[in-house]
Amino acid sequence: MDDRRDLDEDAPVFPIAVAAELAGLHPQTLRQYDRLGLVVPERTAGRVRRYSLADVARLREIGELSAAGVGLEGIARVVELRAEVRELRRRVRELETALADERLAAQGRPRVFRAGAEIVAVRHGQRTARHEV
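If you want this note's numbering, it's the position in the sequence shown, counting the first as 1, plus 40.
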């Protein structure tokens, strides 16, 4: 039996000390990344930072880039590009779903063509006879 619960990766649940430990970074580093806009956590009503699992994953990636010698400007650009890629992938999934829905809906509708003065309705999968002119 699988007792794991579906976790919302974007739910802000970790205080800064826990997020820092999970990411293998110092809490002051997380504050710096917040100031620089690299990883901006949610805030509680009392302005306390709360990090999500997605934030912790980004912090790990940033830590790895930093350890590899990438400067903060380069890290900022990588973070920006990865966010853009995530958004584009989300949009592609959205468009693929819309296209699949449209194809499914179109299967029952006849296609309409105009040939000269005549209008011909052709159902999906149906062929019409060809006439030489």
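For every residue, glycine included, the Cβ atom is placed at its ideal position computed from N, Cα and C.
Point to revise | Stretch-stretch touch, CB-based, cutoff 8 Å, three pairs: the stretch 85 to 96 with the stretch 129 to 148 | key: no
Expected contact under 8 Å - CB spacing of residue 83 and residue 89 to nearest Å = Here residue 83 refers to the residue found at position 43 when the sequence shown is read from its first residue. Here residue 89 refers to the residue found at position 49 when the sequence shown is read from its first residue. Residue 83 to residue 89, Cβ: 6 Å. Contact.
Coil, strand or helix - residue 89 by DSSP
Counting from 1 along the sequence shown, the entry for residue 89 is found at position 49. Strand.
Which residue marks the beginning of the alpha helix (DSSP H) containing residue 130, and which one marks its end? Residue mapping note: residue 130 aligns to position 90 of the sequence shown, counting from 1. Its alpha helix (DSSP H) spans residues 112 to 146.
message: By the DSSP assignment, the alpha helix (DSSP H) with residue 67 in it spans what residues?
response: Position 27 of the sequence shown, counted from the start, is the residue given in the question as residue 67. Where residue 67 is concerned, the enclosing alpha helix (DSSP H) stretches over 67 to 76.
| field | Cβ-based burial, residue 57 [other Cβ within 10 Å; buried from 16] | value | Counted from its first residue, the sequence shown places residue 57 at position 17. Exposed is the call here.
* Would you call residue 150 buried or exposed, if buried means 16 or more other Cβ atoms sit within 10 Å of its Cβ? -> Here residue 150 is taken as the residue at index 110 of the sequence shown, counted from 1. Exposed, because fewer than 16 other Cβ atoms sit within 10 Å of the Cβ of residue 150.
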